[in-house]
């Protein structure tokens, strides 16, 4: 089925790509940098909140309270006088200052604690106040010697530790395969035409199917290599988890590559100049970066956009890849995505065969 | 014996500034090109030279008329024709990042042939550039490399579209020598040119085109005899440029 000519030409296309160090660099650069940055951001524990404490009381309850805050990993406690801590708060060195009143004991009811905050930092307030209140309640219970009515026993089943990187990787891989595929068929064809290479090929006995098959072969190899490099980097360097079946995962990759190669051939046939293909290409690529659940789940988008977002080709591909990678879904479980992918494959193929007329594309 | 027979070839294109109307880029061109000759097509810009060649090469659809190369109809059997012609187009860029040898191998594969790239590079005096990329060749070297690519299938007919345009005199003469060498080995060569000296010294016969039509077709000598304006007291003189201007006028073209 695959002829010697197709393999020869595909090898040449592959050589052309591999010798173009710059485009290899840039096709890997973005996803690698992206993942690394997010890796560092989500790996480190949240920075402790710097809190100042002014203890005006010398009761046991007050020092217990301070003790608990110091032990809490959430807080980085600085104790001191109100005046000095207030200055530090104003200078932005502290997030807030808590003032314990002189009268602070288990026997008094309705003791008021003052919390000094800087308006610029108050977004953390919603998170801190319940924590402080919890600490107060614990101390109160201790004094009153009451047992809590409810406790939470948290049991980690460790089924999978889902981090943002785990979520991100399949999306980024889907995005990368789209970029590589559209560039390979669409952008390259326009460039070949501009240089008159297609015209030159046309006056040789090569059949259009040979030309297309060799581009598909070459690009498929490039996509598989680049994605494997990306995945190896993510798994071995950034500790990203892929729990699904790798063969199923690659099947979705291959189908997705076919979709975007087809769409690329359409673009390359419609757009006659490099500028035009870039413009039209961006119309196809750009919305999908944001709407196809590459960086965040489609469910978190405004309800109005969701129906559109769900039917984009990249959505089906990235959802399919993610379900396999993150949830270990079987091919049977991702049938909805596979149906969407198939529909786009058919649409792309029909359009590409209509639009890609060898003689017109070459001229 | 004619290797190329062209009868009443015609091609219409939409007018550039009024797409609803068409004009004849090629308008009833008939040619007989003999086996083993160097045939030149001359004409001002826009006369239809390139379109005529592109119809013979199968690049452009033939609207009307008939073209037969070595007994094969170009319209009905384009792929058979492509098998036995060699083509050098005006644009001579190739894939980036492939060396001359790799490109020649690729062209060989397009004809389903395994070729010897060094031999071909030897023919066009580019052996020392075997590992170079086309982007690093000079204008003359690029044209010679284009001819090498056109030779991979040992064509019966070689089409050269303005092979010497933009070349310096040395590169130009070097290319003429190459064309003569190939012709000596029996290859039929059809070329277009703006260079009158080239037409006169290189071509066995020439056709002069204007406005899509052939206005004269003969050997350079007889064209000079027939068309060069002859001052009364001088003996035979003049050159193809005089013939060309006498036939196509002095008006500037695009």
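Chains as they are written, first to last, in the numbering used here: chain S, 5 to 367; chain E, 41 to 294.
Each residue gets a CB set at the ideal place from its N, CA and C atoms; glycine is no exception.
These figures come from a predicted structure and were not determined experimentally.
Would DSSP call residue i helix, strand or coil?
| i | result |
| --- | --- |
| residue 163 of chain E | helix |
| residue 335 of chain S | coil |
| residue 42 of chain E | strand |
| residue 7 of chain S | coil |
| residue 135 of chain E | coil |
| residue 255 of chain E | strand |
| residue 74 of chain E | strand |
| residue 52 of chain E | strand |
| residue 114 of chain E | coil |
| residue 79 of chain S | strand |
| residue 155 of chain S | coil |
| residue 191 of chain E | coil |
| residue 54 of chain S | strand |
| residue 285 of chain E | helix |
| residue 350 of chain S | helix |
| residue 249 of chain S | coil |
| residue 166 of chain S | coil |
| residue 48 of chain S | Since pLDDT at residue 48 of chain S reaches only 49, below the 50 mark, its modelled position is unreliable, and no value is offered. |
| residue 367 of chain S | coil |
| residue 327 of chain S | helix |
| residue 240 of chain S | helix |
| residue 241 of chain E | helix |
Does the separation of the CB atoms of residue i and residue j fall below 7 Å?
| i | j | result |
| --- | --- | --- |
| residue 250 of chain E | residue 288 of chain E | yes |
| residue 264 of chain S | residue 360 of chain S | no |
| residue 88 of chain E | residue 107 of chain E | no |
| residue 271 of chain S | residue 284 of chain S | yes |
| residue 355 of chain S | residue 261 of chain S | no |
| residue 228 of chain S | residue 345 of chain S | no |
| residue 220 of chain E | residue 183 of chain E | no |
| residue 64 of chain S | residue 103 of chain S | no |
| residue 197 of chain E | residue 246 of chain E | no |
| residue 202 of chain S | residue 366 of chain S | yes |
| residue 68 of chain S | residue 143 of chain S | yes |
| residue 348 of chain S | residue 212 of chain S | no |
| residue 260 of chain E | residue 240 of chain E | yes |
| residue 341 of chain S | residue 316 of chain S | no |
| residue 146 of chain E | residue 16 of chain S | yes |
| residue 134 of chain E | residue 143 of chain E | yes |
| residue 194 of chain S | residue 251 of chain S | no |
| residue 223 of chain E | residue 73 of chain E | no |
| residue 7 of chain S | residue 178 of chain S | no |
| residue 170 of chain E | residue 161 of chain E | yes |
| residue 128 of chain E | residue 71 of chain E | no |
| residue 326 of chain E | residue 98 of chain E | The displayed coordinates of chain E run from 41 to 294. Any statement about residue 326 of chain E would go beyond what the structure contains. |
| residue 248 of chain S | residue 328 of chain S | yes |
| residue 207 of chain E | residue 180 of chain E | yes |
| residue 149 of chain S | residue 330 of chain S | no |
| residue 252 of chain E | residue 103 of chain E | no |
| residue 110 of chain E | residue 43 of chain E | yes |
| residue 95 of chain E | residue 49 of chain E | yes |
Return the bridge partner residues of residue i from the DSSP annotation.
| i | result |
| --- | --- |
| residue 59 of chain S | S:104 |
| residue 248 of chain E | E:82, E:256 |
| residue 106 of chain E | E:47 |
| residue 118 of chain S | S:103 |
| residue 32 of chain E | Residue coverage of chain E in this structure runs from 41 to 294, which leaves residue 32 of chain E outside it and unanswerable. |
| residue 63 of chain E | E:53 |
| residue 69 of chain E | E:49 |
| residue 58 of chain E | E:55 |
Check the Cβ of residue i against every Cβ in chain S and list those closer than 9 Å, keeping chain order.
| i | result |
| --- | --- |
| residue 137 of chain E | 19, 20, 21, 22, 23, 24 |
| residue 122 of chain E | 206, 207, 208, 209, 210 |
| residue 119 of chain E | 209, 211 |
Taking residue i as the query, report the chain S residues whose CB atoms sit under 8 Å from its CB, ordered along the chain.
| i | result |
| --- | --- |
| residue 147 of chain E | 208 |
What do you reckon, is the C-beta of residue i under 6 Å from a heavy atom of the ligand MG?
| i | result |
| --- | --- |
| residue 142 of chain S | Although the ligand MG was asked about, the structure shown includes no ligands whatsoever. |
Going along chain E in order, which residues have a C-beta closer than 9 Å to the C-beta of residue i?
| i | result |
| --- | --- |
| residue 243 of chain S | Near residue 243 of chain S there are no residues of chain E at all, since even the closest Cβ is about 36 Å away, more than 9 Å. |
| residue 13 of chain S | 146, 149, 150 |
Who are the neighbours of residue i on chain E, taking C-beta pairs under 7 Å?
| i | result |
| --- | --- |
| residue 200 of chain S | 129, 131, 133 |
| residue 9 of chain S | 149, 150, 152 |
| residue 330 of chain S | None at all; the shortest Cβ gap to chain E is about 38 Å. |
Just the chain E side, please: which residues come within less than 8 Å of residue i by C-beta, in chain order?
| i | result |
| --- | --- |
| residue 203 of chain S | 99, 129, 131 |
| residue 16 of chain S | 135, 138, 142, 146 |
| residue 367 of chain S | 99, 100 |
- Query: What are the uninterrupted segments assigned as alpha helix (DSSP H) that are 4 or more residues long and contained completely in the region 256–320 of chain S, given in chain order?
  - Reply: Within the region 256–320 of chain S, the alpha helix (DSSP H) runs of at least 4 residues that lie entirely inside it are, in chain order, 278–295, 310–315.
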